[in-house]
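A short write-up of the structure that comes next.
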Amino acid sequence: MQGPSRSRSRPSEYQTELWEYWAWLSPCRPTRCRWTDSMARGARAGGGRFHTPYAPLRDLGGTAAGNHRRAWQAWGMAAQINPSILSADFARLADEARAVQGADWLHVDVMDNHFVPNLTLGVPVVESLARATDTPLDCHLMIEDPDRWAPQYVEAGAGSVTFHVEAAAAPVRLAREIRAKGARASMALKPATPIEPYEDLLPELDMLLIMTVEPGFGGQSFLDIMLPKIRRTRELISKHGLEVWLQIDGGVSPSTIERCAEAGADVFVAGSAVYGADDPAEAVRALRTQAESATASAGWACRH
Ligand SMILES: O=C(CO)[C@H](O)[C@H](O)COP(=O)(O)O
């Protein structure tokens with residue numbers, strides 16, 4: 029497939045071609061895995077690195093805020109904010125998804141009461157939610173035996189599936205299976221799990237999740253002692269020249285997000301800080317602005 033011609037006069041056709049080109053350029057381009065509707069929605073929603081290199085070419089009009097965001101993406105400084113539905117009203121999930129319109133992904137916490145001491149939802153709810161929202165789903169599996177269950181979450185409509193390395197029997201095989209089925213593959217580390225033993229696995233992943241609280245419950249205090257791990261992980265990603273997203277989850281709020289962005293995180297899960305706000309969509313925008321400002325002055329982003 030060739031890149032877009034710059035001489036197109038009809039913006040809609042030009043834009044369509046660009047989206048295809050970004051998909052082709054993406055780490056999840058069809059040569060490695062299927063470009064699903066959900067992932068395409070992620071890209072269109074402004075999912076950061078999907079379209080970083082050519083973001084300015086998409087600037088065929090639009091709002092000042094949209095143009096600012098695209099410029100940020102072009103410089104690789106886009107921050108993604110993923111509201112965690114753990115803090116939402118489970119009886120009104122479709123409405124709660126709408127309440128965070130503009131979020132990059134919806135973070136879906138799957139807990140089995142074995143891997144963590146809490147029980148939330150499973151495949152059927154993810155299937156329904158995927159039908160009810162255009163926001164792509166980022167499923168975080170806090171469950172035992174993810175090797176068995178993770179592929180079912182891709183089939184249910186998740187655009188990204190995260191398994192815990194502490195629970196996976198064969199993390200490389202599992203990451204490859206998630207990608208082969210058409211989703212982004214992500215691996216999570218609990219606070220006491222170091223990144224260093226998994227350096228060689230990084231090329232198998234689209235995202236690495238560092239838990240900044242003990243998994244299981246929303247509303248906990250951010251663990252500052254995770255900041256050096258975020259920093260070291262970002263250095264490993266850079267050292268290998270990878271486009272792996274670095275997500276953090278737990279205690280993300282206006283008072284902690286800047287430190288995390290400065291340390292190297294670029295995808296932020298926020299539950300209570302978003303759903304506890306009077307205007308959840310505005311809370312998403314404000315967190316993103318804070319993260320992007322902190323990233324702009326961070327050493328890791330300058331070297332990126
Ligand atoms: O994975 C989680 C807990 O295991 C949640 O996503 C996380 O705690 C988000 O909630 P908050 O932002 O309120 O800390």
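Numbers 29 to 332, taken from the numbering used here, label the letters of the sequence shown in order.
Even for Gly, the Cβ is constructed at its ideal location relative to N, Cα and C.
Straight-line spacing of the CA atoms in L147 and G246 works out to 13 Å. When the beta-carbon positions are compared, V295 and L233 stay at least 7 Å from each other. At least 7 Å separates the beta-carbon of R207 from that of A198.
Residue side-chain check: L315 keeps its Cβ at 6 Å or more from all non-hydrogen atoms of ligand 1. In the displayed model, P145 falls within coil according to three-state DSSP, outside both helix and strand. C-alpha of R316 to C-alpha of D252: approximately 20 Å in a straight line.
From the listed residues R204, S156, S283, T190, the smallest Cα separation to A301 is found for S283.
I113 sits away from V144, with the two beta carbons spaced by 7 Å or more.
Residue environment: C330 is assigned as exposed (fewer than 16 neighbouring CB atoms within 10 Å of its CB, all protein chains considered). Relative to the non-hydrogen atoms of ligand 1, the Cβ of D277 comes within a distance shorter than 6 Å of at least one.
V241 places its beta carbon 7 Å or farther from that of M215. Bounds of any beta strand (DSSP E) do not take in Q248, whose DSSP letter is neither H nor E.
Put simply, of D117, V128, Q180 the residue whose alpha carbon is nearest the alpha carbon of D162 is V128.
Around the beta carbon of R159, a 10 Å sphere encloses fewer than 16 other beta carbons of the protein chains shown; the residue is thus reported as exposed. When DSSP assignments are scanned along the segment 148-221, the uninterrupted stretches of beta strand (DSSP E) that are 3 or more residues long and fall wholly within it turn out to be 165-170, 188-192, 212-217. No heavy atom of ligand 1 is found nearer than 6 Å to the CB of G150.
Residue environment: G279 is assigned as buried (16 or more neighbouring CB atoms within 10 Å of its CB, all protein chains considered).
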